[in-house]
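Student: Provided herewith is a single structure, encoded as structure tokens, for subsequent inquiry.
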Amino acid sequence: MTEDRRLVVRIDAEKCQGHARCHALAPELFELDEFGSARVRGSGHVSSALEDQAWIARANCPELAIEIVEEAPVAG
């Protein structure tokens, strides 16, 4: 990934079935709601230190509910 872009994780709540693999693999990025379904922790922006965990969590989601997008930073 280039330095001028960053990763953002998202979860499709309709696909998530609460397997919680994402939370087990990347608790810094995902949390569970009161029903055990995953949701993104914070804004969903992935620090460079957590990029590998984000991709691993995505690869291990049996419902393919995790999306990772590359976002250009906001000019400021």
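Each residue of the sequence shown is one higher than the one before, counting from 0 in numbering that gives the first Met the number 0. The beta-carbon is built from N, C-alpha and C at its ideal position, and this holds for glycine as well.
1. In the DSSP output, what is isoleucine 65 paired with across the bridge?
2. Alpha carbon to alpha carbon, what distance is there between aspartate 51 and methionine 6?
3. Does alanine 71 come out as helix, strand or coil in the three-state DSSP assignment?
4. Where do the N-terminal and C-terminal ends of the alpha helix (DSSP H) with arginine 38 fall, by residue?
5. Going by Cα to Cα distance, which pick from Glu30, Ala19, Ser47 is closest to proline 61?
6. Does the Cβ of alanine 58 have 16 or more other Cβ atoms within 10 Å, making it buried, or fewer, making it exposed?
Tutor: This is what the structure holds:
1. DSSP lists Ile10 as the bridge partner or partners of isoleucine 65.
2. For the sequence presented, residue 6 should be read as leucine rather than methionine. Going from the Cα of leucine 6 to the Cα of aspartate 51 covers about 11 Å.
3. Looking at alanine 71 - three-state DSSP - the assignment turns out to be coil, as it is neither helix nor strand.
4. In the DSSP assignment, arginine 38 falls outside any alpha helix (DSSP H) and lies within the beta strand (DSSP E) extending over 37-39.
5. The shortest CA-to-CA distance from proline 61 to any of Glu30, Ala19, Ser47 is the one to Ala19.
6. Result: exposed.
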